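**Q** First residue of the sequence shown? That's 0 in numbering that gives the first Met the number 0, and the numbers climb one at a time after it. Ideal Cβ placement from N, Cα and C applies to all residues, glycine included. This one's a predicted model, so the numbers in the text were calculated from it and none came from an experiment.
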Amino acid sequence: MKLIQNFINGEFVATGSRFNKHSPLTNQVIAEVAEATRDEVDAAVKAAHAALKGPWGKMSFAERTEMLHALANEINHRFDEFLAAECADTGKPHSLAAHIDIPRGAANFKIFADVVKNVPTEFFETATPDGKGAINYGYRTPVGVVGVICPWNLPLLLMTWKVGPALACGNTVVVKPSEETPQTATLLGEVMNKVGIPKGVYNVVHGFGPNSAGEFVTTHPLVNAITFTGETRTGEIIMKAAAKGSRPVSLEMGGKNAAIVFADCDFDAAIEGTLRSAFVNCGQVCLGTERVYVERPIFDKFVAALKKGAEALKPGIPEDKSTGIGPLISKEHQRKVLSYYQIAAAAGATVVTGGGIFDMPGELKEGCWVQPTIWTGLPETARVIKEEIFGPCCHISPFDTEQEVLAKANDNEYGLATAIWTLNVSRAHRVAHQMEVGLAWVNSWFLRDLRTPFGGAKQSGIGREGGVHSLEFYTEQKNVCLKL
Ligand code: NAD
Numbered sequence: 000m001k002l003i004q005n006f007i008n009g010e011f012v013a014t015g016s017r018f019n020k021h022s023p024l025t026n027q028v029i030a031e032v033a034e035a036t037r038d039e040v041d042a043a044v045k046a047a048h049a050a051l052k053g054p055w056g057k058m059s060f061a062e063r064t065e066m067l068h069a070l071a072n073e074i075n076h077r078f079d080e081f082l083a084a085e086c087a088d089t090g091k092p093h094s095l096a097a098h099i100d101i102p103r104g105a106a107n108f109k110i111f112a113d114v115v116k117n118v119p120t121e122f123f124e125t126a127t128p129d130g131k132g133a134i135n136y137g138y139r140t141p142v143g144v145v146g147v148i149c150p151w152n153l154p155l156l157l158m159t160w161k162v163g164p165a166l167a168c169g170n171t172v173v174v175k176p177s178e179e180t181p182q183t184a185t186l187l188g189e190v191m192n193k194v195g196i197p198k199g200v201y202n203v204v205h206g207f208g209p210n211s212a213g214e215f216v217t218t219h220p221l222v223n224a225i226t227f228t229g230e231t232r233t234g235e236i237i238m239k240a241a242a243k244g245s246r247p248v249s250l251e252m253g254g255k256n257a258a259i260v261f262a263d264c265d266f267d268a269a270i271e272g273t274l275r276s277a278f279v280n281c282g283q284v285c286l287g288t289e290r291v292y293v294e295r296p297i298f299d300k301f302v303a304a305l306k307k308g309a310e311a312l313k314p315g316i317p318e319d320k321s322t323g324i325g326p327l328i329s330k331e332h333q334r335k336v337l338s339y340y341q342i343a344a345a346a347g348a349t350v351v352t353g354g355g356i357f358d359m360p361g362e363l364k365e366g367c368w369v370q371p372t373i374w375t376g377l378p379e380t381a382r383v384i385k386e387e388i389f390g391p392c393c394h395i396s397p398f399d400t401e402q403e404v405l406a407k408a409n410d411n412e413y414g415l416a417t418a419i420w421t422l423n424v425s426r427a428h429r430v431a432h433q434m435e436v437g438l439a440w441v442n443s444w445f446l447r448d449l450r451t452p453f454g455g456a457k458q459s460g461i462g463r464e465g466g467v468h469s470l471e472f473y474t475e476q477k478n479v480c481l482k483l
């Protein structure tokens, strides 16, 4: 049986305590994972602390940048291994992970190294009574040891999205991958050693949340800042942990995102975009659409076209090029998503398509499959319209006016993202400005420029990462004032 180990101070570390990693495709055990105890987490944090004071802290920015570029190149060099590991852990199609997870995961190291290189700091001249004046300038230093707590939906991509800028800014990290997706973070340890990243700069500890590695990292007094992606209720616990020692947090959390489709949209583009935003990665994307509002004149046509697209998604194994949809991450998550399918039916939803599980052949029968599902006919108060499901499903409602749809779309405790489909330029801007979200896409979805701010409003997050905004979190800015 494959053993996935912790990576501490440049070494792979096994422990006595083990947990099983199951395949989402078959539910069979594919690996054992060595769970870090409080002692391993302590060793990882101390190694990260020592590396800050050691070679990493002393390295010139140019050398650091060169290493981060080498890291990205080496991930791409071992692309197939990363792809296999990510797809084994998540069950997602190769076509998806080869296009998004792995290349973008590698690119995060290059892009953030370049961002850090190109961001200036402030400069002010100050008048003084003696007429000679003073100058002020900003000077950035690393924030220190960063605890990085990751989810399972885009494991490598969302982890390097944090580790990339953290290392570019000169920090060291202790990463706690999701217990569901331990492999690529561990594999990255090999790459770190290969390119010569000093020991202790990048550490990985495996385990769960409460009373396990997640809690041990977030409560460790030598962790200087915590960056987290995951559920809102976990984020709240982490924020409380970070209060001890007044440590900064960056929280990227849940969503219940609305798409708004106006009758004047490019219909085919809106269908193509909504098929992706609702069903890609089996609906397990924080930015995904679970509420669709469609202007009444095109409502029936839209529902019919989305149904046709959803029904064309063929479930299958990652390696099969014709696979359109993989399984959910775990049996536990499958139970959760199916419970919402039942809640929708019990509330009287019209099930346009789906609503159950795929009947898969052979060993795939035991996998975590669910059908892409579309509902109509529920009131705005329905639980499947209010709560994040994180599965391949959406509810579609008709609307008549812009004001009405804005009120409905904004009536949610989350505020992560939206997709607005219209060819009326004024309306596009007007609606985007009024949506209570961190990310508003117009005539697109998940189109990312990493220089732009990323994060959620309301209960979807605290803080922004991306471009210069990542620097705000991963560095401490001091003002140097010099009297002339
Ligand atoms: P989760 O909150 O269950 O787990 C995330 C991580 O937190 C895991 O590594 C877990 O072990 C750890 N954890 C759990 N309890 C902890 C505790 N008490 N202390 C410390 N660590 C703890 O989330 P998930 O199920 O892995 O991911 C799905 C969620 O993530 C969805 O809600 C989704 O919307 C959200 N998400 C948000 C974004 C974003 O950018 N806003 C991106 C991806 C996913």
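For I492, which residues does DSSP report across the bridge?
**A** Since the displayed the chain opens at 0 and closes at 483, residue 492 lies outside it and no answer follows.
**Q** Assess contact between the region 141–148 and the region 163–170, defined as three or more Cβ pairs (one per stretch) separated by less than 8 Å. Is contact present?
**A** yes
**Q** For Q476, write down the residues that DSSP places opposite it in a beta bridge.
**A** R139
**Q** Using DSSP with H/G/I as helix, E/B as strand and the rest coil, what is K320?
**A** coil
**Q** Per DSSP, what kind of secondary structure is R463 in: helix, strand or coil?
**A** coil
**Q** For P220, which of G234, F207, R246 and N210 has the nearest alpha-carbon?
**A** R246
**Q** Given a threshold of 16 other Cβ atoms within 10 Å of its Cβ, counted over all protein chains shown, does A268 qualify as buried or as exposed?
**A** exposed
**Q** Once DSSP output is grouped into helix, strand and coil, what is the label at N19?
**A** strand
**Q** Give the range of the alpha helix (DSSP H) segment to which P181 is assigned.
**A** Counting along the chain, P181 falls outside any alpha helix (DSSP H), and DSSP gives it neither H nor E.
**Q** Measuring only from the beta carbon, is L415 closer than 7 Å to any heavy atom that is part of ligand 1?
**A** yes
**Q** From F78, N5 and T64, pick the residue whose C-alpha is nearest to that of A35; which is it?
**A** N5
**Q** Check S338 in the structure and name its three-state DSSP category.
**A** helix
**Q** If you reduce the DSSP assignment to three classes, tell me which class V350 lands in.
**A** strand
**Q** Of all the options W151, A165 and L156, which has the alpha carbon lying nearest to the alpha carbon of A112?
**A** A165
**Q** Using a Cβ-Cβ cut-off of 7 Å (strictly less than) and excluding sequence neighbours within five positions of T474, which residues of its own chain qualify?
**A** R139, T140, P141, V142 and C168
**Q** Using a threshold of 7 Å, is the CB atom of F389 nearer than that to any non-hydrogen atom of ligand 1?
**A** yes
**Q** By Cβ distance below 7 Å, which residues in the same chain neighbour L449 in space, the five residues on each side in sequence not counted?
**A** Contacts found: I110, G465 and G466.
**Q** Measuring alpha carbon to alpha carbon, tell me which of A87, A71, L153 and H68 ends up nearest I99.
**A** Checked all of A87, A71, L153 and H68; the closest Cα to I99 is L153.
**Q** Report the three-state DSSP secondary structure of C392 (helix, strand or coil).
**A** Per DSSP, reduced to three states, the secondary structure at C392 is strand.
**Q** DSSP state of R290, grouped into three classes?
**A** strand
**Q** Could you check what DSSP says for T159 in three-state terms: helix, strand or coil?
**A** T159: helix per DSSP, three-state reduction.
**Q** Report yes if the C-beta of M252 is less than 7 Å from at least one heavy atom of ligand 1; otherwise report no.
**A** yes
**Q** Check for me: the beta strand (DSSP E) holding K175 runs from which residue to which?
**A** T171 to K175
**Q** With N202 and A47 assumed to form a contact (beta carbons below 8 Å), what rounded beta-carbon distance in angstroms separates them?
**A** About 6 Å separates the two Cβ atoms, so the contact holds.
**Q** Please state whether the Cβ-Cβ distance between V291 and C392 is less than 8 Å.
**A** no
**Q** Taking all protein chains shown into account, decide if D399 is buried (16 or more other Cβ within 10 angstroms of its Cβ) or exposed.
**A** exposed
**Q** Which residues does DSSP list as the beta-bridge partners of T375?
**A** T349 and I395
**Q** Please confirm if the region 404–419 is in contact with the region 351–370, defined as three or more CB-CB distances below 8 Å between the two stretches.
**A** no
**Q** For E10, report the span of its beta strand (DSSP E) as first-last.
**A** E10 to V12
**Q** Taking the CB atoms as reference points, tell me whether I74 and A97 lie closer together than 8 Å.
**A** no
**Q** Helix, strand or coil: how does DSSP classify P247 here?
**A** Here P247 sits in coil by DSSP.
**Q** Rounded C-beta distance between I388 and Y339? I'm assuming under 8 Å.
**A** Under the criterion of beta carbons closer than 8 Å, I388 and Y339 qualify as touching, at roughly 5 Å.
**Q** How about P92 and G325: do their beta carbons lie closer than 8 Å?
**A** In terms of Cβ geometry, P92 and G325 form a close pair [threshold 8 Å].
**Q** Sort N210, A303, V430 and L377 by Cα distance to E403 and report the nearest one.
**A** V430
**Q** Looking at ligand 1, does it come within less than 7 Å of F207, judged from the CB to the closest heavy atom?
**A** Under cutoff, so the answer is yes.
**Q** I'd like the span of the alpha helix (DSSP H) that includes V204, first residue to last.
**A** Taken as a continuous stretch (DSSP letters only), V204 belongs to no alpha helix (DSSP H), as it is neither H nor E.
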